[in-house]
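As structure tokens, the structure follows; a few thoughts come after it.
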Amino acid sequence: VAGRVTLLTDFGTRDGYVGAVKGVIARAAPGVTIDDVSHDIPPGDVWSATYAVARYWRLYPEGTVHLAVVDPGVGTSRRALACEADGRFLVAPDNGVLSRVLDEATRWTAVEARHVELPADVRTGPSATFHARDVFAPAAAHLASGLELERLGPALSDPTRLAEPRPVREERGGRGVVVAVDRFGDLLTNLPGGWIALASSRIEVRGESVRLRRTYAEAAPGELIALVSSDGRIEIAVRHGSAAARLGARRGTVVRLTSG
Amino acid sequence: VAGRVTLLTDFGTRDGYVGAVKGVIARAAPGVTIDDVSHDIPPGDVWSATYAVARYWRLYPEGTVHLAVVDPGVGTSRRALACEADGRFLVAPDNGVLSRVLDEATRWTAVEARHVELPADVRTGPSATFHARDVFAPAAAHLASGLELERLGPALSDPTRLAEPRPVREERGGRGVVVAVDRFGDLLTNLPGGWIALASSRIEVRGESVRLRRTYAEAAPGELIALVSSDGRIEIAVRHGSAAARLGARRGTVVRLTSG
Amino acid sequence: VAGRVTLLTDFGTRDGYVGAVKGVIARAAPGVTIDDVSHDIPPGDVWSATYAVARYWRLYPEGTVHLAVVDPGVGTSRRALACEADGRFLVAPDNGVLSRVLDEATRWTAVEARHVELPADVRTGPSATFHARDVFAPAAAHLASGLELERLGPALSDPTRLAEPRPVREERGGRGVVVAVDRFGDLLTNLPGGWIALASSRIEVRGESVRLRRTYAEAAPGELIALVSSDGRIEIAVRHGSAAARLGARRGTVVRLTSG
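Chains as they are written, first to last, in the working numbering: chain A, 8 to 267; chain B, 8 to 267; chain C, 8 to 267.
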């Protein structure tokens with residue numbers, strides 16, 4: 008086996024839970040490479056995980072297995088999801104964490120991950136509280152080993168999807184919201200970069216008018232600017248500072264684009 | 008070489024010390040895979056490391072080398088420990104960080120890691136302050152390369168062991184303590200899950216009576232519950248919250264189990 | 008491909024940017040091993056990154072590719088730097104982050120990384136804000152795949168170098184400054200360990216006289232001491248505590264060595 012598994016969780020690292028997940032994968036799929044993406048998602052924040060996964064899932068080569076466990080419903084009847092999307096595999100609780108992946112994929116198929124085989128000496132069955140170790144890691148290892156998706160369980164045609172608020176076209180621009188705030192305090196909106204008519208557009212957030220720029224370099228340090236982010240959407244930033252702090256903005260804050 | 012080394016430290020990552028440890032391993036054992044478990048153990052907190060290591064050491068396949076360096080005694084005469092336990096290798100300062108591994112292992116052998124060979128251009132000898140780079144990493148690379156444990160140094164029959172407080176059986180239940188608090192504020196106790204008679208047991212902590220549940224899902228958000236953790240012990244948690252904060256509990260807080 | 012790439016950034020991990028960088032590398036250089044060093048450099052703090060990189064770049068084996076992206080000037084005209092130093096490769100913004108590497112290397116050659124090829128489906132061209140994904144990661148993958156440095160772009164003979172303050176020899180010792188403060192609150196100075204005449208030297212910082220010791224073990228817990236660090240320079244520490252907090256010291260604080 009020479010596959011690659013990526014990990015995204017809200018576990019932090021200091022308790023050793025991440026080691027447990029990696030150990031199960033390493034044992035079930037020896038030789039696999041495990042890439043950490045993050046263990047620092049705010050606890051239980053499925054939306055944050057959704058945006059984070061969207062930033063990398065398709066940049067990895069086909070065959071990669073992405074494990075994403077932010078799972079406030081562990082121990083409830085929420086299903087375990089395994090899917091294949093544009094050649095990559097994803098394993099996660101069925102709580103919406105893969106919403107944007109499913110939105111972006113050209114084609115996908117999903118199953119409920121039920122038939123996961125734990126190493127005999129780990130547990131007699133899944134624990135009530137640690138499905139990352141007992142369900143998701145074995146499923147990821149299964150896929151990284153090249154076994155078929157369908158063998159994990161029955162087809163699942165209706166995975167849970169979080170509805171991202173849609174931006175609204177208006178006569179001379181559009182109205183959207185902040186959908187994510189990153190570590191730098193940059194505000195990612197749901198406004199498509201394509202809506203900008205650069206020469207004559209401006210952004211309004213919380214009563215402030217923000218200039219559109221092509222790059223950070225066109226802004227003075229401390230200046231509030233809007234630009235098209237690396238995700239292709241309109242982003243609001245302060246060069247060498249935090250737009251979130253400066254504007255008192257957060258997820259859900261309304262953002263208006265006006266042209267002309 | 009195609010071995011696997013895991014790392015657990017209290018170094019944080021921002022100073023580059025972790026890179027130094029990994030570089031020494033990568034040079035001495037090219038091709039080895041290095042899995043981070045944590046670099047975020049509270050500085051000098053050997054007990055935390057002890058519980059973290061216990062969560063993953065045996066889930067990894069045989070032949071894995073676990074390096075665990077939380078070393079408040081660096082530069083003193085404390086010994087460097089290398090051991091083999093149930094087919095896995097462990098390298099750590101001899102300060103008790105492997106206590107639970109030695110408790111849990113069916114069989115183990117240990118040596119004092121003395122004969123560690125540094126690459127010639129690194130240092131003429133070990134520094135006084137960075138044994139992770141100069142002693143522990145070379146020892147781990149040695150083992151990951153398939154060399155014999157015994158070649159690292161003389162047998163060590165009495166590794167330092169931290170005595171975990173033992174739970175006490177009482178007439179209608181038992182008395183234990185909180186032994187670890189995790190990132191979510193969940194309280195891990197030393198009470199074995201097997202002591203529970205679920206239908207008729209309850210837990211008391213700091214004057215509060217806590218209900219026993221089988222899963223988080225049986226609790227309302229914000230409710231204080233007790234359940235059997237993924238470690239097989241009684242754990243106290245708040246669904247979507249922190250039991251540590253709610254109860255003002257920490258390591259050493261007394262926990263009482265009453266049945267009937 | 009079986010190369011090794013290390014990563015040092017100030018991205019944090021929770022937004023998924025690190026996943027994007029790793030994904031691009033994994034796709035362009037399948038089979039490569041990616042070692043995280045840190046994603047926790049204080050945002051935009053090039054000096055911190057400079058000292059961190061110096062701690063590990065040469066401990067890795069020849070052929071390793073070190074990617075170091077702390078890039079407050081992203082989107083400006085600052086160049087992208089790729090170099091080979093003593094057999095290791097380094098890729099970074101040309102903002103001084105590799106200053107100490109260039110100081111320490113016996114020989115180095117550098118190019119401006121211009122001709123980086125993105126996978127066709129990632130972007131039509133580099134974004135204005137995420138050069139780690141669009142420029143630096145492809146350049147690192149190029150080198151990890153064994154391709155020639157020169158093919159990345161034209162020679163660059165004058166990479167940006169941050170001038171570290173030089174320590175000054177005085178009649179009976181020397182005067183230097185704190186150049187970095189690590190996670191433990193230890194103060195790294197620019198004073199060479201070789202300037203110490205141990206029996207008769209003392210260190211003065213912010214009005215306090217600090218004793219020179221050979222190891223932490225010679226100090227009482229809580230005692231302020233100076234010793235020769237694992238970098239070969241004089242370091243000031245508090246055993247089981249923070250010298251930075253104790254002395255109110257930070258980068259730039261003057262440190263005086265007096266002998267006799």
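From the three backbone atoms N, C-alpha and C, an ideal C-beta is built for every residue, glycine too.
Q.
Cutting at 7 Å between CB atoms, please list the residues of its own chain near P145 of chain B, excluding the five before and the five after it.
A. Locating residue 145 of chain B in the second sequence gives position 138, counting from the first residue. Cβ neighbours of P145 of chain B within its own chain (closer than 7 Å, five residues either side excluded): V31, A35, V123, E124 and L125.
Checklist entry - Mind checking if I48 of chain B is an interface residue toward chain A, Cβ cutoff 9 Å exclusive? => result Here residue 48 of chain B refers to the residue found at position 41 when the second sequence is read from its first residue. I48 of chain B counts as touching chain A.
Would you call the CB atoms of L105 of chain C and P166 of chain C closer than 9 Å? If you number the third sequence from 1, residue 105 of chain C lands on position 98. If you number the third sequence from 1, residue 166 of chain C lands on position 159. Their beta carbons are under 9 Å apart, which means L105 of chain C touches P166 of chain C by this criterion.
- If we count the other Cβ atoms within 10 Å of its Cβ and call it buried at 16 or more, is E91 of chain B buried or exposed? Within the second sequence, the letter at position 84 stands for residue 91 of chain B. Looking at its Cβ environment, which holds 16 or more other Cβ atoms inside 10 Å, E91 of chain B is buried.
Checklist entry - Taking a cut of 7 Å between CB atoms, which residues from the stretch 197-225 of chain C lie near chain B? => result R221, T222, Y223 and A224
_One or two residues paired with G229 of chain B in a DSSP bridge_ = In the second sequence, residue 229 of chain B corresponds to position 222, counting from 1. In the DSSP output, where bridge partners are listed per residue, G229 of chain B has none listed.
Item to complete: Could you tell me whether the stretch 187-207 of chain B touches the stretch 238-256 of chain B, using the rule of 3 or more Cβ pairs below 8 Å?
Response: Result yes; three or more Cβ-Cβ pairs closer than 8 Å.
Q | Own chain residues within Cβ distance below 8 Å of D238 of chain A, not counting five before or after | A | Within the first sequence, residue 238 of chain A is the residue found at index 231, counting from 1. Hits under 8 Å: A61, R62 and L195.
With 9 Å set as the bound, which would you pick, yes or no: does the beta-carbon of V4 of chain C sit closer than that to a beta-carbon of chain A? Residue 4 of chain C lies beyond the residue range present for chain C, which begins at 8 and ends at 267; the question has no answer from this structure.
So, are the CB atoms of G160 of chain A and E119 of chain A less than 9 Å apart? For the purposes of this step, residue 160 of chain A is taken as the residue at position 153 of the first sequence. For the purposes of this step, residue 119 of chain A is taken as the residue at position 112 of the first sequence. Yes, they are a contact pair.
Exercise. Cα separation between A27 of chain A and R85 of chain A?
Worked result: Position 20 of the first sequence, counted from the first residue, corresponds to residue 27 of chain A. Position 78 of the first sequence, counted from the first residue, corresponds to residue 85 of chain A. Between A27 of chain A and R85 of chain A, the C-alpha separation is close to 22 Å.
Original post:
Under a three-way DSSP split, which group does I203 of chain A fall into?
Top reply: Working through the first sequence from its first residue, we reach residue 203 of chain A at position 196. Of the three classes helix, strand and coil, the one that applies to I203 of chain A here is coil, per DSSP.
**Item:** Backbone CA spacing between T131 of chain A and A148 of chain A [nearest angstrom]
**Value:** Here residue 131 of chain A refers to the residue found at position 124 when the first sequence is read from its first residue. Here residue 148 of chain A refers to the residue found at position 141 when the first sequence is read from its first residue. Low per-residue confidence applies at T131 of chain A: pLDDT is 47, beneath 50, and the placement is therefore not dependable enough to give any value.
Locate the alpha helix (DSSP H) running through V60 of chain B, then write down its first and last residues.
Along the second sequence, read from residue 1 onward, the residue named residue 60 of chain B stands at position 53. Its alpha helix (DSSP H) spans residues V53 to A61.
Show which residues of chain C have a CB atom less than 7 Å away from the CB atom of S292 of chain A. Here chain A covers residues 8 to 267 and nothing more, so residue 292 of chain A does not appear.
Test item: CB-CB of A89 of chain C and A112 of chain C under 9 Å: Mapped onto the third sequence, residue 89 of chain C falls at position 82. Mapped onto the third sequence, residue 112 of chain C falls at position 105. Not a contact, by the Cβ cut-off of 9 Å.
Practice prompt. Could you tell me which chain A residues have their CB closer than 8 Å to the CB of V44 of chain B, listed as they occur along the chain?
Written response: Residue mapping note: residue 44 of chain B aligns to position 37 of the second sequence, counting from 1. Going along chain A in sequence order, the residues near V44 of chain B (Cβ under 8 Å) are T20, G23, V25, G26 and K29.
Review point. Taking G183 of chain C as the reference, which of C:L169, C:V39 and C:G200 has the closest Cα?
Key: Translated into the one-based positions of the third sequence, residue 183 of chain C becomes position 176. Of C:L169, C:V39 and C:G200, the residue nearest in Cα terms is C:G200.
Is there a Cβ from chain B that is less than 9 Å from the Cβ of T260 of chain C?
By 1-based counting over the third sequence, the position of residue 260 of chain C is 253. For T260 of chain C, the answer is no, since every Cβ of chain B falls outside 9 Å of its Cβ.
Got a sec? Which residues, its chain only, sit under 6 Å from R48 of chain B by beta carbon, not counting five neighbours each side? For this step, residue 48 of chain B is matched to residue 41 along the second sequence. The residue you asked about is not Arg; residue 48 of chain B is Ile in the sequence shown. Excluding positions up to five away in sequence, the list reads D17, S55, A56 and V77.
Starting from E111 of chain C, trace the alpha helix (DSSP H) in both directions and tell me its first and last residue. Mapped onto the third sequence, residue 111 of chain C falls at position 104. Residues S106 to E111.
Proximity to D110 of chain C [Cα-Cα], best of C:A227, C:G70 and C:L169: Along the third sequence, read from residue 1 onward, the residue named residue 110 of chain C stands at position 103. Looking at the Cα atoms, C:L169 is the closest of the given residues.
Point to revise | Rounded distance between the beta-carbons of Y67 of chain B and T20 of chain B, thought under 8 Å | key: Here residue 20 of chain B is taken as the residue at index 13 of the second sequence, counted from 1. Here residue 67 of chain B is taken as the residue at index 60 of the second sequence, counted from 1. So it is not a contact: roughly 22 Å between Cβ atoms.
Measure the C-alpha to C-alpha separation of E230 of chain A and S216 of chain A and round it to an integer number of angstroms.
Counted from its first residue, the first sequence places residue 230 of chain A at position 223. Counted from its first residue, the first sequence places residue 216 of chain A at position 209. The C-alpha of S216 of chain A is placed about 12 Å away from the C-alpha of E230 of chain A.
So with CB distances below 7 Å, who are the chain A contacts of S55 of chain B? As a working mapping, residue 55 of chain B is identified with position 48 in the second sequence. Here the neighbours are R21.
- CB contact below 9 Å: H247 of chain A versus chain C: Looking up residue 247 of chain A in the first sequence gives position 240. Chain C contact via Cβ: present.
Discussion item. Just to confirm, is the Cβ distance from D42 of chain A to K29 of chain C under 9 Å?
Written reply: The residue given as residue 42 of chain A occupies position 35 in the first sequence. The residue given as residue 29 of chain C occupies position 22 in the third sequence. The answer is yes: Cβ separation under 9 Å.
- Query: At which residue ranges does the stretch 12-81 of chain B contain complete beta strand (DSSP E) runs of 3 or more residues, listed in the order of the chain?
  - Reply: 40-45 and 72-76
Distance CB(E225 of chain C)-CB(G51 of chain B) smaller than 9 Å: Looking up residue 225 of chain C in the third sequence gives position 218. Looking up residue 51 of chain B in the second sequence gives position 44. The answer is no: Cβ separation not under 9 Å.
Excluding the five sequence neighbours on either side, which residues of its own chain have a C-beta within less than 6 Å of the C-beta of R11 of chain A, listed in chain order?
As a working note, residue 11 of chain A is residue 4 in the first sequence. Same-chain partners within the cutoff: T40 and T71.
| To which residues does DSSP link P100 of chain A through a beta bridge? | Against the first sequence, residue 100 of chain A aligns to sequence position 93. For P100 of chain A, which the question treats as bridged, DSSP gives the partners A:A87.
Open item on the list: One question on the structure: do L15 of chain A and A87 of chain A come within less than 9 Å of each other, judged by their Cβ atoms?
Closed with: Here residue 15 of chain A refers to the residue found at position 8 of the first sequence. Here residue 87 of chain A refers to the residue found at position 80 of the first sequence. No, they are not a contact pair.
- Item | Of the listed residues A:E171, A:I203, A:R253 and A:R258, nearest to E177 of chain A (C-alpha basis) | Taking the first sequence and counting its residues from 1, the one referred to as residue 177 of chain A is at position 170. Comparing Cα-Cα distances from E177 of chain A to each of A:E171, A:I203, A:R253 and A:R258, the minimum goes to A:I203.
Per DSSP, cross-strand counterpart(s) of R209 of chain B | As a position in the second sequence, residue 209 of chain B is number 202, starting the count at 1. Note: R209 of chain B sits in a beta bridge opposite B:R218 and B:T265.
task: Could you check what DSSP says for E179 of chain A in three-state terms: helix, strand or coil?
output: The sequence position of residue 179 of chain A within the first sequence is 172, counting from 1. First, the amino acid is wrong: residue 179 of chain A is Arg here, not Glu. R179 of chain A: coil per DSSP, three-state reduction.
Handout entry: Rounded straight-line distance, which links the Cα of A250 of chain C to that of G259 of chain C
Key = On the third sequence, position 252 is the one that residue 259 of chain C refers to. On the third sequence, position 243 is the one that residue 250 of chain C refers to. In a straight line, the C-alpha of G259 of chain C is about 14 Å away from that of A250 of chain C.
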